[in-house]
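For reference, the structure discussed in these notes is given below.
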Amino acid sequence: MEKLQNLWSCKGGFLQCLIMVYFWKAVSAQIHYSIPEEMQKGSFVGNVAKDLGIDRKQLPNHGLRIVPTIGKIQYFAFNVNNGHLQTSERIDREDICGEAEKCILKFQLIVESKLELFGVEVEITDINDNAPQFLPTEWKLKISEAATLGDRLLLPRAQDPDMGMHSIQNYQLAGSSHFSLDVQMEENGIRRAELVLEKGLDREETSIHDLILTASDGGNPVRSGTAQIQVIVLDANDNAPVFSQPIYEASVMENVPIGSTVCTVQATDQDEGLHREIKYSFQKTTDKYSKFFLLNSTTGEIILKGTLDYETSSLYQLEVQATDGGGLSDTSKVMVSVTDLNDNAPELAVTFVINSVAENSPAGTVIAILNVQDRDSGSNGEIKCSIPNNFPFQLKQSMDSFYSLVTDSVLDREQVPAYNITVTATDHGNPPLFTSTFIVLQVLDTNDNPPLFTEPSYTSYVLENNPRGMLIFVLNAKDPDWEENARVTYSIMEGVMKNPPLSSYLSVNSESGAVYALNSFDYEEFREIQFLIGAQDGGSPPLSSNISVTLFVLDQNDNAPEILHPSPPTDGSTGVELAPRSSEPGYLVTKVVAVDADSGRNGWLSYQLVKATEPGLFTIGLHTGEVRITRFFLDKDALKQILVVLVKDNGQPPLSASVTVTVVLADSIPESLSDISSISTLEDAQSDLTFYLVVAVAFVSCLFFAFLLVLLALRLHKWRNSHLCASGSMNFSGVPVSQFVGIDGVRAFLHSYCQEFSLTTDSRKSQFNISKTDNSDTLTNQLTGEIKDPIQAAEDLNLNGGELIIVQQAQPVNTDWRFSQAQRPGTSGSQNGDENGTWGRNSQVEIRNAFKP
Numbered sequence: 003m004e005k006l007q008n009l010w011s012c013k014g015g016f017l018q019c020l021i022m023v024y025f026w027k028a029v030s031a032q033i034h035y036s037i038p039e040e041m042q043k044g045s046f047v048g049n050v051a052k053d054l055g056i057d058r059k060q061l062p063n064h065g066l067r068i069v070p071t072i073g074k075i076q077y078f079a080f081n082v083n084n085g086h087l088q089t090s091e092r093i094d095r096e097d098i099c100g101e102a103e104k105c106i107l108k109f110q111l112i113v114e115s116k117l118e119l120f121g122v123e124v125e126i127t128d129i130n131d132n133a134p135q136f137l138p139t140e141w142k143l144k145i146s147e148a149a150t151l152g153d154r155l156l157l158p159r160a161q162d163p164d165m166g167m168h169s170i171q172n173y174q175l176a177g178s179s180h181f182s183l184d185v186q187m188e189e190n191g192i193r194r195a196e197l198v199l200e201k202g203l204d205r206e207e208t209s210i211h212d213l214i215l216t217a218s219d220g221g222n223p224v225r226s227g228t229a230q231i232q233v234i235v236l237d238a239n240d241n242a243p244v245f246s247q248p249i250y251e252a253s254v255m256e257n258v259p260i261g262s263t264v265c266t267v268q269a270t271d272q273d274e275g276l277h278r279e280i281k282y283s284f285q286k287t288t289d290k291y292s293k294f295f296l297l298n299s300t301t302g303e304i305i306l307k308g309t310l311d312y313e314t315s316s317l318y319q320l321e322v323q324a325t326d327g328g329g330l331s332d333t334s335k336v337m338v339s340v341t342d343l344n345d346n347a348p349e350l351a352v353t354f355v356i357n358s359v360a361e362n363s364p365a366g367t368v369i370a371i372l373n374v375q376d377r378d379s380g381s382n383g384e385i386k387c388s389i390p391n392n393f394p395f396q397l398k399q400s401m402d403s404f405y406s407l408v409t410d411s412v413l414d415r416e417q418v419p420a421y422n423i424t425v426t427a428t429d430h431g432n433p434p435l436f437t438s439t440f441i442v443l444q445v446l447d448t449n450d451n452p453p454l455f456t457e458p459s460y461t462s463y464v465l466e467n468n469p470r471g472m473l474i475f476v477l478n479a480k481d482p483d484w485e486e487n488a489r490v491t492y493s494i495m496e497g498v499m500k501n502p503p504l505s506s507y508l509s510v511n512s513e514s515g516a517v518y519a520l521n522s523f524d525y526e527e528f529r530e531i532q533f534l535i536g537a538q539d540g541g542s543p544p545l546s547s548n549i550s551v552t553l554f555v556l557d558q559n560d561n562a563p564e565i566l567h568p569s570p571p572t573d574g575s576t577g578v579e580l581a582p583r584s585s586e587p588g589y590l591v592t593k594v595v596a597v598d599a600d601s602g603r604n605g606w607l608s609y610q611l612v613k614a615t616e617p618g619l620f621t622i623g624l625h626t627g628e629v630r631i632t633r634f635f636l637d638k639d640a641l642k643q644i645l646v647v648l649v650k651d652n653g654q655p656p657l658s659a660s661v662t663v664t665v666v667l668a669d670s671i672p673e674s675l676s677d678i679s680s681i682s683t684l685e686d687a688q689s690d691l692t693f694y695l696v697v698a699v700a701f702v703s704c705l706f707f708a709f710l711l712v713l714l715a716l717r718l719h720k721w722r723n724s725h726l727c728a729s730g731s732m733n734f735s736g737v738p739v740s741q742f743v744g745i746d747g748v749r750a751f752l753h754s755y756c757q758e759f760s761l762t763t764d765s766r767k768s769q770f771n772i773s774k775t776d777n778s779d780t781l782t783n784q785l786t787g788e789i790k791d792p793i794q795a796a797e798d799l800n801l802n803g804g805e806l807i808i809v810q811q812a813q814p815v816n817t818d819w820r821f822s823q824a825q826r827p828g829t830s831g832s833q834n835g836d837e838n839g840t841w842g843r844n845s846q847v848e849i850r851n852a853f854k855p
C-alpha cells in the first residue's frame, strides 16, 4: 500500500497506473476484480477471456458480452478483440457508494454460444482524492466569561468522503493559549474535536479569540482542511440549553407529502431573560440533508421540504443545536428512517431470445433469458416470474435476478404453430405490482407425420370393356405437416397381377391421386385387382404410407354362349344322334350343353328349338337343353331329323349361338346306315334342284334390273326434250311404285341347305361321319321330311373290315362345367356318361361291336 501511495505522490495526485488486485471464481460462477477509483476511461480491469478459459481467437464466435443493467450506468466495457474488461466511465467511489465500507460493482457476462451467465464483481478501492473540508469555513463560538476551566465547546466537524486511512485522522488547533483541543473517538469511528478552556477569560481584556482549526487525513501525501474559529466572550450565562433527549428517532413513509412535520425537538434553559431564549438550528455537516428537511428555529419542528425515496436513502442522521440568548448551546441527534412502500413495479428485460424453434427440439431448450429487478426492498422487492400454465414451457431461475425460459416438453407444430408467451414479474407488495413482456415464438415444422389416407381401404368398380384413359376413382391422403413436408405424391406400389404387369392396366396421377385405366378390362380375364397405392411426402427423409385398393371388374354381356355338346365339327362332318323308332314320348334323345363366359344374368342360358324337320316331334328343355321325343314315330316321319337349337343368354342385348343336331331314326346300327345312304341320295337330288332354282332367280333378277335401266333412260330422254333442265334434279314421281320393287322376296331362295353324309368304303374299315349342319345358309327343312329315296350305300359307305367307327366327342375346354346325371348328353337320360357330359366309352364300344362282321 505504501508503494502505491508513493507512486501516486510522484504523479502529482493523478492515477497513472493500473492495479489488478486479484480475481477469483466462486461456486456461483462469480469473477472478482479489484481496481482503484478515478482510473482513466479505457483502463484495464481484467482479462475476462483468460479467466473464463476462452481462446482469444475464438471470442467473436462465442458471443461474449456484458448484460446491460436496467436503469444504471454501465461503468465497464468488454473488448471483443483482446478479451479485456475495461472502464468505460469515470469511477468515483464516494459518488457511487458513499460511506459504505466496501464498494462493489456487480454485473453479468453472457456467453451466447453456450447460453451461460457469469457474475462479475469489481471492488472499487479508495484513494486519497478528497481533502478534509469544513462547511462553512468560518465559525463563530460564544463563551461566557464566567466559564470555568475545563469547559468544553463543540467544534465543527470536518467532512472527508474518503474511507479508512484516507479519512480524517487528526485535528490541530492554533491561535490562542486560552484553549486546547481535545479529540475523541466516537462509537462509529468518527473523530470529534472539542475546544477546552485552559485559562480564565476576561471579556474586558479580550473579547474575541481567533483560532485556526486544521483537520488532516492519513493519506500520503497528507491532505488537510482548515476552518477559522472566532470565539466571542460573552457576559456570564451559567446555564446552557439542554435537549429533552439526546437522540430523537422518527419514522416516515416514503410517500409522506411535502410540508409534513417529521419530528419536533425541544430544549430547555434554566436561565432567565435573554439567556433563556433558545434558537434551534442544524449543524452544517452536509448539504445532502438540507435539501429534504427544514428546521423551525423557534418551535423545533423538523419539516419535510423534499420528496423522500427509500431507494435513494433509507436513513437520515440530523444534528440539531439549541442555543440560548447567552450563547450557550446543546446538541442532539435526530434519526429519520424512511419506510419503504411498494411504489416501484418490477423491471423486466429480455436479455436473450430466439424467435423460432424446431418442433423436434428436446425438452429443456432455452428460448429466452430474462433479467428482473425491483428497486423496492424487503417483501416489496421480492419478485416471482410466471407464465401461463397451459403452455409447454417453464421458467428456471439461473442466478439471482435471471430466469431462463425453456421448453418443458417436445413441441408439436401441427397442434400449435406459434406461441405468444406472456412473462409476468410480480412483487410481493401489498398491493402487488407487476410487469409483463411478450415473447412470440414460431414453431418450425419437421417431417414427423406420414401422409394418411381418408379411408382405411378403397373399393371401386369398373365395367369391363371400358375406354382407355377412363378415370376410375380418386383417392386422397392428408399430411398435417407444412409446405414441402406436406406435399404428397402418389404411386402404385404393387399388385397381384404379374403377367401382364399391373402398370399396363392402371396409372395414378402423382399429384392428384386420380387412378386411370390404361387399357380395357375383360371380366372373363380377371374379375378383381388388388394392389397397393403409396403416398409419400416431400420431407427429408420422406415419410410414406400405403393403402390397399380392390378394383372389381363388373361383367357386361360381351360373350355369346359357347356350345360344348354337340361339339363343333373338326373334319367337315356332323355328329349323329340315334333314336330307336320304338321310342316312347319323353325319351331323351340328346342334351345340348352350352356355357357362357359371362356371369350373373349375362350367363343365364335358355334353349329353343327354332327349326325341326318334323315340327312337334321333338321338344327341348328351356333351361336344361334336353332334347326329348314328344310323340311316337310314324312311318311317314323322315329317317333323318335335322334339329336347329338356339342357345340364348339373358343379357341386354341378348347374345346367342345355334347348333344343328342330326337325329337318325333307327332300331339298329345297320338299319341306320342304309337309311342314311338313301337320305344322302335324296339330298343330292335336292341339291341339284336348289342349284337350278338359284340360277333361275339370278336370271329373273338380271332381266328386272335391265328393265329398270331402260325405263330410266327413257325418262331422262323425255325430260331433256321437255326443257326441264332448269329444275336441277330428276323427278321420278311419275314412275309407278311397282317398278322399284326390291328383290327381298327372292332372297330366301339364295339360302342353301347343305347337308353332308359321307359313307366311304375300303377293304379294312367302315367309318361313319356326319358333319355339322350350318343353319345360317339353309332353307326351311320342311322339304326334307318328305324325302324317302333309297340310300346310295355304294357311294357313301366306306367299310374297313366290317367295323364302324364313330368319331368321339371332344372334351369341353372348361372342365369346371359339370352336369348331373339327368343333364348329361346322350341317347337316354339314364345313360351314364363321364364327368364332362360327353358320351361314355361303353356307348362307343357297343356301336363298334354292332358293326363287326
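Take the position in the sequence shown, starting the count at 1, then add 2; the result is the number in this note's numbering.
Idealized CB from N, CA, C, for every residue including glycine.
Point to revise | Best match in 178, 222 and 248 for proximity to residue 232 [C-alpha to C-alpha] | key: 178
Review point. Considering only the beta carbon of each residue, do residue 412 and residue 347 sit closer than 9 Å?
Key: Not in contact: residue 412 and residue 347 (Cβ atoms no closer than 9 Å).
Point to revise | 6 Å Cβ shell around residue 556 - same chain, five flanking residues per side excluded | key: 463 and 465
Exercise for review: Examine the ligand COA and report whether any of its heavy atoms sits within less than 8 Å of the Cβ of residue 304.
Suggested key: For the structure depicted, the ligand COA is absent and the ligand set is empty, with no information on it obtainable.
Practice item. Determine, using beta carbons only, whether residue 329 and residue 144 come nearer to each other than 9 Å. Key: yes
Point to revise | Test item: CB-CB of residue 243 and residue 270 under 9 Å | key: Closer than 9 Å, so yes.
Check your understanding: How is residue 77 classed by DSSP in three states: helix, strand or coil?
Key -> coil
**Study point:** Reference residue 650, options 635, 664, 623 and 641, closest by Cα
**Key:** 623
Practice item. Could you pull out every residue in the same chain whose Cβ sits closer than 6 Å to the Cβ of residue 35, ignoring the five residues on either side in sequence? Key: For residue 35, where only same-chain residues beyond five positions count, the Cβ hits under 6 Å are 25, 47, 48 and 124.
**Study point:** Given residue 566 as reference, the closest of 604, 647, 297 and 547 once Cα atoms are compared
**Key:** 647
Review point. Is DSSP giving residue 633 helix, strand or coil here?
Key: Correct three-state label for residue 633: coil.
Exercise for review: Compare the beta carbon distance of residue 294 and residue 276 with 9 Å and say whether it is the shorter of the two.
Suggested key: no
Check your understanding: With C-beta atoms as the reference, is residue 129 less than 9 Å away from residue 164?
Key -> yes
Exercise for review: Decide if residue 538 is buried, meaning its Cβ has at least 16 other Cβ atoms within 10 Å, or exposed.
Suggested key: buried
Exercise for review: Can you have a look at residue 229 and say buried or exposed, based on whether 16 or more other CB atoms are within 10 angstroms of its CB?
Suggested key: buried
Point to revise | Segments of 3+ residues assigned as beta strand (DSSP E) that fall wholly inside the stretch 220 to 252 | key: 226 to 236
Check your understanding: Would you say residue 80 and residue 50 are within 9 Å of each other, going by their C-beta atoms?
Key -> In contact: residue 80 and residue 50 (Cβ atoms closer than 9 Å).
Check your understanding: Which class does residue 52 belong to by DSSP, given the choice of helix, strand or coil?
Key -> helix
Check your understanding: How is the alpha helix (DSSP H) around residue 63 delimited, first residue to last?
Key -> 61 to 64
Check your understanding: With distances taken from CA atoms, which of 387, 550, 626 and 197 is nearest residue 141?
Key -> 197
Check your understanding: If we count the other Cβ atoms within 10 Å of its Cβ and call it buried at 16 or more, is residue 126 buried or exposed?
Key -> buried
**Study point:** Identified DSSP bridge partners for residue 558
**Key:** The partner list for residue 558 (beta bridge, DSSP) is empty, contrary to what the question assumes.
Check your understanding: Roughly how many whole angstroms lie between the Cα atoms of residue 297 and residue 332?
Key -> 16 Å
Review point. Could you give the residue range of the alpha helix (DSSP H) that holds residue 95?
Key: Segment 95 to 99, the alpha helix (DSSP H) holding residue 95.
Review point. Terminal residues of the continuous beta strand (DSSP E) containing residue 422?
Key: Per DSSP, the continuous beta strand (DSSP E) segment holding residue 422 begins and ends at 420 to 429.
Review point. Who are the near neighbours of residue 156 in its chain, counting only those whose CB is closer than 7 Å to its CB and skipping five residues on each side?
Key: 196 and 333
Practice item. Starting from the Cα of residue 301, find the closest Cα among 282, 313 and 310 and give me that residue. Key: Across the set 282, 313 and 310, the C-alpha of 282 shows the shortest separation from the C-alpha of residue 301.
Check your understanding: Between residue 240 and the rest of its own chain, which residues show a CB-CB distance below 8 Å, the 5 nearest in sequence each way excluded?
Key -> If we look at residue 240 and ignore the five residues flanking it on each side, its Cβ neighbours are 146, 148 and 273.
Review point. Can you name the residues that DSSP bridges to residue 350?
Key: 374
Exercise for review: Sort 33, 285 and 717 by Cα distance to residue 325 and report the nearest one.
Suggested key: 285
Check your understanding: Roughly how many angstroms separate the alpha carbons of residue 481 and residue 510, rounded to a whole number?
Key -> 19 Å
Review point. Do residue 438 and residue 350 come within 9 Å of each other at the CB atom, strictly closer than that value?
Key: yes
Review point. Where does the unbroken beta strand (DSSP E) through residue 322 begin, and where does it stop?
Key: 317 to 326
**Study point:** residue 628 - partner residues in DSSP beta bridges
**Key:** 593
Check your understanding: Using CA coordinates, which residue listed in 705, 312 and 319 is at the minimum distance from residue 858?
Key -> The question about residue 858 has no answer, for the chain in this structure spans 3 to 855.
**Study point:** Cα-Cα separation, residue 278 to residue 327
**Key:** Rounded to whole angstroms, residue 278 to residue 327 spans 6 Å at the Cα level.
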